[in-house]
Amino acid sequence: MKTQQKRIFLPLILVFTLLLPVIPGLKHNTACAEKKKIILKQANSLAGGEERSPITGKLETVRSVSGNVVFEHNDILLRCNKATEFSESNLISLEGGLSILSPSFDIRSNRGIYYPLSDTAKLLDNVRGKTQKSGLTFKASKADIDNRNNRIRLITNAVAWHDTQQLSGDTIMVQLSKGKKRVESITVTGRAFLAFRDSVQQDPGLYNQISGETMVISLDREQNLSRIDVNTQAELLYHTFENETPSGVNYTSGNSIVMQFADNALQRVMAYRNVNGKQYPASMRSQSGINLPGFRIRDEEKPVL
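Count along the sequence shown starting at 1, add 388, and that's the number in our numbering.
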């Protein structure tokens with residue numbers, strides 16, 4: 389459907405009045421900007437007019453800036469090629485080269501929508517990013533960012549990497565700690581799959597694997613695995629050792645599986661309801677036929693930021 393829009397290009401002198409950038413020495417500007425809590429740091433041009441809201445579809449008065457656009461809101465810095473403010477919908481549409489940077493994360497996308505009143509954003513295309521402190525890197529088709537509640541939700545074809553661990557699923561929700569300095573937990577919904585190298589022998593091609601419909605991963609303060617809870621069609625494949633010598637590969641399935649770790653090493657495995665299991669000999673450790681369905685290492689997709 390063709391959108392109706394009307395554009396009025398305004399003199400550059402009005403940029404400072406409408407969008408309240410910070411200018412040293414102008415106390416009124418700074419006070420107004422603080423009140424609105426969103427500040428335009430830079431842009432090449434500004435236009436005003438009417439466009440249809442991407443949320444309601446109604447024609448609204450808009451103000452847009454383009455060219456090297458930089459906004460600041462609380463502890464977030466937003467960069468893009470073009471930003472359009474819809475005053476009635478209380479949102480800002482962001483297009484082209486979108487980057488959202490904070491002390492806790494760096495996330496990129498082709499386009500998105502930012503909601504200043506709730507401190508949230510919807511990223512709509514080709515999402516890739518990382519957490520600043522914990523070393524988690526990720527990608528997805530879309531994402532929701534809730535800066536106020538310290539959450540990042542990766543949506544559709546979501547994959548995350550941390551050291552030698554790879555996590556995938558339909559959606560991955562990353563919960564940051566209150567101080568936003570570390571990842572507290574990760575919840576995966578839909579086709580959850582975690583592959584990680586064993587702490588005893590980290591052979592390049594050998595991975596412990598766990599999968600299920602939902603998965604909750606808890607991390608300790610050093611960002612190591614602490615506990616994994618998997619529910620619905622849970623399956624686990626892990627390498628076993630005797631005095632650090634490979635003794636085989638264990639397969640376990642059940643309605644739910646719990647794994648507990650200490651010092652990043654697997655300590656205990658518990659399976660519940662409809663439990664089945666088998667032990668493969670050590671000679672089969674490197675055979676791909678014993679891998680869980682859906683196992684695939686995707687390091688070539690890992691974004692570099």
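In this text, a Cβ means the ideal position worked out from N, Cα and C, and glycines have one as well.
Proximity of residue i and residue j at Cβ, strictly below 7 Å
i, j, result
"Arg-579", "Asp-558", "yes"
"Ile-574", "Val-588", "no"
"Asp-507", "Arg-536", "yes"
"Ala-431", "Val-450", "no"
"Ile-488", "Glu-460", "no"
"Ala-548", "Ile-533", "no"
Cβ-based neighbour list, residue i, same chain, cut-off 8 Å, excluding 5 preceding and 5 following
i, result
"Gly-367", "Past the edges of the chain, shown from 389 to 693, lies residue 367, and the structure says nothing about it."
"Thr-620", "Gly-600, Glu-601, Thr-602, Asn-643 and Ser-644"
Residue span of the beta strand (DSSP E) that contains residue i, given as start and end
i, result
"Glu-689", "Counting along the chain, Glu-689 falls outside any beta strand (DSSP E), and DSSP gives it neither H nor E."
"Glu-483", "479-489"
"Ser-556", "553-564"
"Asp-534", "530-534"
"Arg-615", "613-630"
"Tyr-595", "Here Tyr-595 belongs to no beta strand (DSSP E), and DSSP marks it neither H nor E."
"Asp-341", "An answer regarding residue 341 cannot be provided, because it is not within the stretch 389 to 693 covered by the chain."
"Leu-654", "653-660"
"Ser-635", "633-650"
Own chain, CB closer than 7 Å to residue i, minus 5 neighbours either side, in chain order
i, result
"Asp-494", "Gly-517, Lys-518, Gln-520 and Leu-693"
"Leu-479", "Ile-443, Ile-501, Tyr-502 and Tyr-503"
"Asn-545", "Ala-528 and Ser-529"
"Leu-505", "Asn-478"
"Leu-654", "Tyr-626 and Met-647"
Rounded distance between the beta-carbons of residue j and residue i, thought under 8 Å
i, j, result
"Leu-555", "Gln-597", "No, Leu-555 and Gln-597 are not in contact; Cβ-Cβ is about 11 Å, not under 8 Å."
"Cys-468", "Gly-484", "6 Å"
"Ser-614", "Ser-606", "5 Å"
Neighbourhood of residue i by C-beta, 6 Å cutoff - its chain only, sequence neighbours within 5 removed
i, result
"Ser-490", "Asp-463 and Ile-464"
"Asp-586", "Asn-596 and His-627"
Heavy atom of the ligand ATP within 6 Å of residue i beta-carbon
i, result
"Gly-682", "Absent from the structure shown: the ligand ATP. Ligands present: none."
(message) Would the stretch 645-661 count as touching the stretch 683-690 if we require 3 or more Cβ pairs under 8 Å?
(response) In short, these stretches do not touch, since the Cβ pair count stays below three.
(request) Mind the definition here: the stretch 630-643 touches the stretch 651-671 only if three or more C-beta pairs lie below 8 Å; say whether that holds. (result) A contact between stretches requires three or more CB pairs, one per stretch, nearer than 8 Å, and the stretch 630-643 meets this requirement with the stretch 651-671.
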